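Single-structure report; data block below.
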Amino acid sequence: MDRATVQRVAKVARLRLSEEELERYAQDLEEILNSFDVLDQAPSRDSFSFNPVPIDDVTREDEVGCDIDPEKLIGPMDTYDGYVRGPKLS
Amino acid sequence: MKGYSPQALLRLNERYSIFCQLIEGDALPDHRFTFSAKDNLCTTEFQARAGSRILEGYRPPFDATPVHRMRQEGGLLIGKTNMDEFGFGTFSTNSAFGVPRNPFDEERACGGSSGGAAAAACLIPGHVSLGVSTGGSIACPASFCGVVGLTPTYGRVSRYGLIDYGNSLDKVGLLSRTVKDLSHFLPVISGPDPKDPTSCVQPPLDLNHSREGPLALPTECLEGLAPAVKEALLRALDKLSVHLGVEVHEISMPSLRFAMPAYYVIATTEASTNLARYCGMRFGVPEREYHQHFNDYFSGVRSEQFGDEAKRRILLGTFCRMVGFRNKYYLKALGVRDLVLEEYKKVLADHSFIVSPTMPFLPPRFDEISKMRPIEMYRADFLTIPPNLTGLPHISVPCGYEGGLPIGLQLVAPHWEEGGLIKTAEVWERHFHYHFPEVSP
Numbered sequence: 015m016d017r018a019t020v021q022r023v024a025k026v027a028r029l030r031l032s033e034e035e036l037e038r039y040a041q042d043l044e045e046i047l048n049s050f051d052v053l054d055q056a057p058s059r060d061s062f063s064f065n066p067v068p069i070d071d072v073t074r075e076d077e078v079g080c081d082i083d084p085e086k087l088i089g090p091m092d093t094y095d096g097y098v099r100g101p102k103l104s
Numbered sequence: 038m039k040g041y042s043p044q045a046l047l048r049l050n051e052r053y054s055i056f057c058q059l060i061e062g063d064a065l066p067d068h069r070f071t072f073s074a075k076d077n078l079c080t081t082e083f084q085a086r087a088g089s090r091i092l093e094g095y096r097p098p099f100d101a102t103p104v105h106r107m108r109q110e111g112g113l114l115i116g117k118t119n120m121d122e123f124g125f126g127t128f129s130t131n132s133a134f135g136v137p138r139n140p141f142d143e144e145r146a147c148g149g150s151s152g153g154a155a156a157a158a159c160l161i162p163g164h165v166s167l168g169v170s171t172g173g174s175i176a177c178p179a180s181f182c183g184v185v186g187l188t189p190t191y192g193r194v195s196r197y198g199l200i201d202y203g204n205s206l207d208k209v210g211l212l213s214r215t216v217k218d219l220s221h222f223l224p225v226i227s228g229p230d231p232k233d234p235t236s237c238v239q240p241p242l243d244l245n246h247s248r249e250g251p252l253a254l255p256t257e258c259l260e261g262l263a264p265a266v267k268e269a270l271l272r273a274l275d276k277l278s279v280h281l282g283v284e285v286h287e288i289s290m291p292s293l294r295f296a297m298p299a300y301y302v303i304a305t306t307e308a309s310t311n312l313a314r315y316c317g318m319r320f321g322v323p324e325r326e327y328h329q330h331f332n333d334y335f336s337g338v339r340s341e342q343f344g345d346e347a348k349r350r351i352l353l354g355t356f357c358r359m360v361g362f363r364n365k366y367y368l369k370a371l372g373v374r375d376l377v378l379e380e381y382k383k384v385l386a387d388h389s390f391i392v393s394p395t396m397p398f399l400p401p402r403f404d405e406i407s408k409m410r411p412i413e414m415y416r417a418d419f420l421t422i423p424p425n426l427t428g429l430p431h432i433s434v435p436c437g438y439e440g441g442l443p444i445g446l447q448l449v450a451p452h453w454e455e456g457g458l459i460k461t462a463e464v465w466e467r468h469f470h471y472h473f474p475e476v477s478p
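First to last, the protein sequences are chains W and S.
When we follow my numbering, the leftmost residue of the first sequence carries the number 15, and every step to the right adds one.
When we follow my numbering, the leftmost residue of the second sequence carries the number 38, and every step to the right adds one.
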């Protein structure tokens, strides 16, 4: 994988990489992806599962409940006047 | 845990770096037994950081279901065990909060990613550790630390309160010195949990069910083994064959060669989406530089706080699911998982278990690990990945010692047949003496 591709992937993944990291990850990912080429020899399939065991849709009664106090959930976050603080959107 | 005070645990931890957080106080409260939880399981009285700086300071307001169930059984949680960041590693060397040292040789690794869990199980008699496996993170450290490690079927144990690595791969399991402890505690942590739908399809756990028939030994699992590991395996198979009357059939499982790449594609793809939530707002320490554009803010926090292997796997997973590569990697890997599972089912229709060593080499020294390339580390998991990829239950038991270092044997069973694994491991334990390092509390 070339540096430009790593840079593009890092941007999508919200990672800012140094020059040294770009160089190193480009080499690492090239080696790793080359070893994945063996997958091309595996037979292709029209269908596949997302889990190794069948998972049924499990539903429960739609009842109002409160497992965890919202105050406790919001506790670790930086809040002001009941709102969670965050960076600018634009 | 006779003889262990919080102070003794602290001393033990100073030497072996087992725990990233440990119970405090003058004496341990009354308890029926002690247990520990891997740092990626949420508990109310400790931080849950999953070995990552990006979760520094995060203290969950709830217990993970397996932790909750162990407490209900009368267990005392004594600490959170060190691990590779988010489970990303084979040696527990990718942790922000301490690298556990092997109880048999402090210059060597415990294995990963549940390295602290395995060391705790080895060093503290009667202790049971909650571990988590995505691609071998229970079996590998169990092998390197000379303990028994049981990875249940995917969905057997609720994942509620587990910090996700790969949703279709993560499994909570147990490590201890003996299989007897595992047979006691597996029913405790197993069973449906409405908070995790993947746990709600399981049949009842039947520990009385044993499996008969010959063992299958795939020739693919004999490639590239260290001589000492191969010799220990053959001696163990000889013991099983001669003394216990178990036949061993050498077979071929050609699909196993696809398991490693398929696993890393699926695991990193799932991880790259799971880790998107860590952006310096909801968990961990916020950066508070809110004047920045959100893209710069999120990128800054993530770039500073994620470790090297976490970044590598996020990049790999993001790439594998990008437009233009999704079919080649992610969708192909999902199909390969089905293919490998079909081959397993076919072999297990005629055999009781599939047997192999757990790891291809002895616990490596830290200086050896520092010279390994990432792809070499990924390849080291080639024996533990296939059952993990396919969600099959497996157990690692000590089967030999070389130069004082333990070697593990892995047995793989069909889905939901943990009972058979435990029964066979019990028989094995009656005929093979385990060694443990003597460490005074």
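We put the CB at the ideal spot given by N, CA and C, even for glycine.
Keep in mind the model is a prediction, meaning the values are calculated, not measured.
Helix, strand or coil at residue i [DSSP, three-state]
i: residue 146(S); result: strand
i: residue 446(S); result: strand
i: residue 287(S); result: strand
i: residue 89(S); result: coil
i: residue 165(S); result: strand
i: residue 262(S); result: coil
i: residue 194(S); result: strand
i: residue 139(S); result: strand
i: residue 54(W); result: helix
i: residue 65(S); result: coil
i: residue 87(W); result: helix
i: residue 233(S); result: strand
i: residue 43(W); result: helix
i: residue 29(W); result: coil
i: residue 376(S); result: helix
i: residue 242(S); result: coil
i: residue 360(S); result: coil
i: residue 177(S); result: helix
In DSSP terms, what residue i is bridged to
i: residue 58(S); result: 117(S)
i: residue 94(W); result: 97(W)
i: residue 330(S); result: 102(W)
i: residue 208(S); result: 170(S)
i: residue 390(S); result: 252(S)
i: residue 402(S); result: 145(S)
i: residue 227(S); result: 194(S)
i: residue 213(S); result: 185(S)
i: residue 354(S); result: According to DSSP, which records beta bridges pairwise, residue 354(S) is partnered with nothing at all.
i: residue 112(S); result: 70(S)
i: residue 199(S); result: 78(S)
N- and C-terminal bounds of the beta strand (DSSP E) containing residue i
i: residue 437(S); result: 431 to 439
i: residue 74(S); result: 70 to 75
Residue i, enclosing alpha helix (DSSP H) - first and last residue
i: residue 423(S); result: 422 to 426
i: residue 103(S); result: 102 to 109
i: residue 186(S); result: Here residue 186(S) belongs to no alpha helix (DSSP H); instead the beta strand (DSSP E) covers 185 to 188.
i: residue 456(S); result: 455 to 468
i: residue 69(W); result: Careful: residue 69(W) lies outside any alpha helix (DSSP H) and carries neither H nor E.
i: residue 26(W); result: 17 to 26
i: residue 48(S); result: 43 to 53
i: residue 80(W); result: Careful: residue 80(W) lies outside any alpha helix (DSSP H) and carries neither H nor E.
i: residue 293(S); result: Taken as a continuous stretch (DSSP letters only), residue 293(S) belongs to no alpha helix (DSSP H), as it is neither H nor E.
i: residue 411(S); result: 411 to 416
i: residue 159(S); result: 152 to 160
Exercise. Is the region 306 to 313 of chain S in contact with the region 353 to 366 of chain S, if contact means three or more CB pairs nearer than 8 Å?
Worked result: yes
For this session: For the region 70 to 102 of chain W, enumerate the residues whose C-beta is nearer than 8 Å to any C-beta of chain S, in chain order.
Result: 70, 71, 72, 74, 81, 82, 83, 86, 87, 89, 90, 91, 92, 98, 99, 100, 101, 102
For this session: Mind checking the region 46 to 68 of chain W against chain S and listing, in chain order, the residues whose C-beta falls within less than 9 Å of any C-beta there?
Result: 46, 47, 48, 49, 50, 51, 52, 53, 54, 55, 56, 57, 58, 59, 60, 61, 62, 63, 64, 65, 66, 67, 68
Exercise. Quick check: the region 404 to 420 of chain S against the region 268 to 287 of chain S, are there 3 or more CB pairs under 8 Å?
Worked result: no
Exercise. Is the region 239 to 249 of chain S touching the region 422 to 437 of chain S in the sense that three or more CB pairs, one from each, lie closer than 8 Å?
Worked result: no
For this session: Below 9 Å between beta carbons is the criterion; list the residues of the region 166 to 192 of chain S that meet it against any residue of chain W, in chain order.
Result: 190, 191, 192
Exercise. Is the region 134 to 143 of chain S touching the region 377 to 392 of chain S, taking contact as three or more C-beta pairs under 8 Å?
Worked result: no
Problem set entry | Cβ pair count under 8 Å reaching 3, the region 417 to 433 of chain S against the region 170 to 181 of chain S | yes
Problem set entry | Stretch-stretch touch, CB-based, cutoff 8 Å, three pairs: the region 451 to 460 of chain S with the region 247 to 256 of chain S | yes
Problem set entry | Residues from the region 199 to 218 of chain S in contact with chain W, defined by Cβ distance under 7 Å | 205
For this session: Pair every Cβ in the region 214 to 224 of chain S with every Cβ in the region 198 to 206 of chain S, then say whether three or more of these pairs are closer than 8 Å.
Result: no
Exercise. With a cut-off of 8 Å, do at least 3 Cβ pairs link the region 44 to 58 of chain S to the region 91 to 111 of chain S?
Worked result: no
Exercise. Can you list, in chain order, the residues of the region 17 to 37 of chain W whose Cβ is nearer than 9 Å to any Cβ on chain S?
Worked result: 19, 20, 22, 23, 24, 25, 26, 27, 28, 29, 30, 31, 32, 35
Exercise. Quick one, which residues of the region 357 to 370 of chain S are near chain W if we go by CB-CB under 9 Å, in chain order?
Worked result: 357, 359, 365, 366, 368, 369, 370
Problem set entry | At least 3 beta-carbon pairs within less than 8 Å: the region 120 to 133 of chain S vs the region 397 to 406 of chain S | yes
Exercise. For the region 95 to 119 of chain S, which residues have a CB atom closer than 8 Å to at least one CB atom of chain W, in sequence order?
Worked result: 95, 96, 98, 99
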